[in-house]
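Residue numbers (the numbering used here), protein chains in the order written: chain A, 1 to 355; chain B, 1001 to 1355.
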């Protein structure tokens, strides 16, 4: 029994002013003061003491002194002594200007930290760790679904259903078609594995043209233009960085084949949404499936809601309400153990690169 | 070069009054008089002389005397001497009352022949052959897509998109969920293979509880009621027969779990569409993806067009415009060769059973 949980009535809503503190049965020297700041308005992805204890057991971790909060007062009370902060990126930017004199490690429970960039606010001694690796299984499902929907023309069928119009369109099976996937990290490689399982050929696009076992071939980002005309599907699955903002701009959209289709599971600002809508309205692409938007959530009245041959999912491609927190905590402990042992931390973020 | 094609200007629209006749270079004893009756109003699935020749080459068939038509006059001219008729079920019922004194084999280019039942019009000497086996690859794609869409709640997202409403719903990956598939023939086994590739457990439902390699387990149709409460997904993939009409009726829909989902790729009349719409409107199922309807096509104004959490595809789950005719002709020749050699024909239909 690695950790002892103090359950209290005031904990239940996860919004207690005083943070719940869980102290290990014997708090020994290797244990750390860890604060978990849960989202204030979202119980679904709040890390629970039960999830924490189960993760401690899986990792063989004992002796930590952990606190939970979901509001500013709880954060303020804990951050004065916390050595590790576990939080979503959205909370971090608002809260971290508070003094955190003992803080050594910041674990952000998201793979993409674009909302925190640039990292000029980050104290040099603070080790920043992201959640890359948490999204594989969900993303593989989403990618297979999006590619199959686009091959079958489901976005057009959903349009037709709105107008009570029976408009069949017959296509060959997806096997043998070609997907270009921008990004070969956690998300991109999950997309590639899903595509390959369907018989789809995959080209990965990454910073340098280093081979990757999940892709049939890899090209450097500088050669993206040459890959676009050969793409039946273009999937954006990379982080949003200065170098990738507006990557799929109007000119590059024009390099895709007439009946190509677009998937975005990275960030909305990776593509020129207006240019995409223009092409879809002109019938110049066969369809698009978007899960991320700029702004995100997509506000009512935005033209994308009514763009033809476009299917919108509300940023659900990666998050798993059952598996997300356990997988996140496993990633956290793998990194904590590497840090403690002086090994390279698999998820440490280079603030200059942003990933 | 197994067949010699007489191309003619009048052939191009496939609606010539006089049937186009292709005669083998040397029409020898083993060759047969084969008439291909193409659909009158559908060029997409019309069998072309080029497809016929390619299939002859693949099968090593020579010496046949083949005619093509797409109208009644062409049919009348050919049927007087034809020994084999290749046609869609829709054409057959309208045309076959014409005298066909030499006809030995009728190859219907559809897997389900429900529209031809009962077979009281079928001369006893006529061998009826269906197209079972042609749909596997397309059906596997469709089944994977439908299961993934239902797991992710895409039908609800399409509803929300209509109302410009951002309504996320987060679910675990599909792996480990449970699909019950009614039918273990060509379609059902393709569904099962697709489901297993996603990590979905599969129960097959067939006439008798004989094991089937594509399913984790098989139950007899008489035990369907016991399988329903364990089903995350119920997939109808069986022929429409007197015994399967209205199989998923109001009572059986009530045996499914509250958040189960329904897929129909068989025939519309396999389920009680009104009862399904009632449950979806009451929020008692998580969604449905339907590709077949009663009536089919679904007419404007039908309540299913606006049923919530229902995604409609217009009977496209099985047809592949590039691969369909070649695969159909390969099945035809496999059966013709079995017939010629006195072997059991893999696609021969038992008129009493209907499949």
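Here a beta-carbon is modelled for each residue, glycine too, at the ideal position from N, C-alpha and C.
Grab me the residues of residue i's own chain with a C-beta within less than 7 angstroms of its C-beta, minus the 5 sequence neighbours each way, in chain order.
i, result
"residue 258/A", "284"
"residue 987/B", "Outside the shown range of chain B, which is 1001 to 1355, sits residue 987/B, and nothing can be said about it."
"residue 1125/B", "none"
"residue 1227/B", "1180, 1203, 1205 and 1219"
"residue 1211/B", "1218"
"residue 292/A", "264, 265, 266, 267, 268 and 315"
Under 9 angstroms between beta-carbons, which chain C residues line up against residue i? List them in chain order, please.
i, result
"residue 1039/B", "The structure shown contains no chain C; the protein chains it does contain are A and B."
Secondary structure at residue i, three-state DSSP: helix, strand or coil?
i, result
"residue 67/A", "strand"
"residue 1100/B", "coil"
"residue 1108/B", "strand"
"residue 353/A", "coil"
"residue 1060/B", "coil"
"residue 280/A", "helix"
"residue 93/A", "helix"
"residue 125/A", "coil"
"residue 1076/B", "helix"
"residue 327/A", "helix"
"residue 88/A", "coil"
"residue 1044/B", "coil"
"residue 1287/B", "strand"
"residue 306/A", "helix"
"residue 1348/B", "strand"
"residue 179/A", "strand"
"residue 336/A", "helix"
"residue 1132/B", "coil"
"residue 1116/B", "helix"
"residue 1027/B", "Its pLDDT being 44, under 50, residue 1027/B is placed unreliably in this model, and the coordinates cannot settle the point."
Who are the Cβ neighbours of residue i in its own chain at under 8 angstroms, not counting the five residues just before and after it?
i, result
"residue 294/A", "267, 268, 269 and 273"
"residue 51/A", "325, 326 and 329"
"residue 1252/B", "1224, 1225 and 1228"
"residue 344/A", "338"
On the premise that residue j lies in contact with residue i, defined as a C-beta separation below 8 angstroms, what is that separation, rounded to the nearest angstrom?
i, j, result
"residue 224/A", "residue 205/A", "5 angstroms"
"residue 1143/B", "residue 1194/B", "4 angstroms"
"residue 1192/B", "residue 1214/B", "4 angstroms"
"residue 140/A", "residue 263/A", "About 13 angstroms; that fails the 8 angstroms criterion."
"residue 234/A", "residue 180/A", "5 angstroms"
"residue 164/A", "residue 1300/B", "5 angstroms"
"residue 1289/B", "residue 1155/B", "7 angstroms"
"residue 1240/B", "residue 1248/B", "Not really, about 12 angstroms apart at Cβ, beyond 8 angstroms."
"residue 66/A", "residue 349/A", "Actually they do not touch by this definition, with Cβ atoms about 23 angstroms apart."
Only counting the same chain, and skipping five residues up and downstream in sequence, which positions put a Cβ closer than 6 angstroms to that of residue i?
i, result
"residue 1177/B", "1200 and 1232"
"residue 1084/B", "1032, 1034 and 1105"
"residue 1101/B", "none"
"residue 1119/B", "1351"
"residue 1190/B", "1136, 1139 and 1140"
"residue 238/A", "182, 183, 244 and 266"
"residue 1095/B", "1075"
"residue 1208/B", "1220"
"residue 1354/B", "1117 and 1241"
"residue 81/A", "33 and 102"
For the structure I just gave you, are there three or more beta carbon pairs, one from the segment 282-289 of chain A and one from the segment 1119-1136 of chain B, closer than 8 angstroms?
no
I'd like to know if the segment 327-340 of chain A and the segment 298-318 of chain A are in contact, where contact means that at least 3 CB-CB pairs between them fall below 8 angstroms.
no
Please go through the segment 244-270 of chain A and give each complete alpha helix (DSSP H) segment of 4 or more residues, from N-terminal end onward.
250-253
For a minimum of 4 consecutive residues, which ranges assigned as the alpha helix (DSSP H) are wholly contained in the segment 137-176 of chain A?
Counting only runs of 4 or more, we get 154-162.
Quick one: complete beta strand (DSSP E) runs, 3+ long, within the segment 1182-1211 of chain B?
1201-1206
Counting Cβ pairs, one atom from each stretch, are 3 or more of them under 8 angstroms apart for the segment 148-158 of chain A and the segment 167-180 of chain A?
Judged by Cβ distances under 8 angstroms, the segment 148-158 of chain A makes contact with the segment 167-180 of chain A, as three or more pairs qualify.
If we count Cβ pairs, one from each stretch, closer than 8 angstroms, do we get three or more for the segment 103-119 of chain A versus the segment 78-90 of chain A?
yes
Can you give, in chain order, each stretch of the alpha helix (DSSP H) that sits fully within the segment 1220-1246 of chain B and has at least 4 residues?
1224-1227
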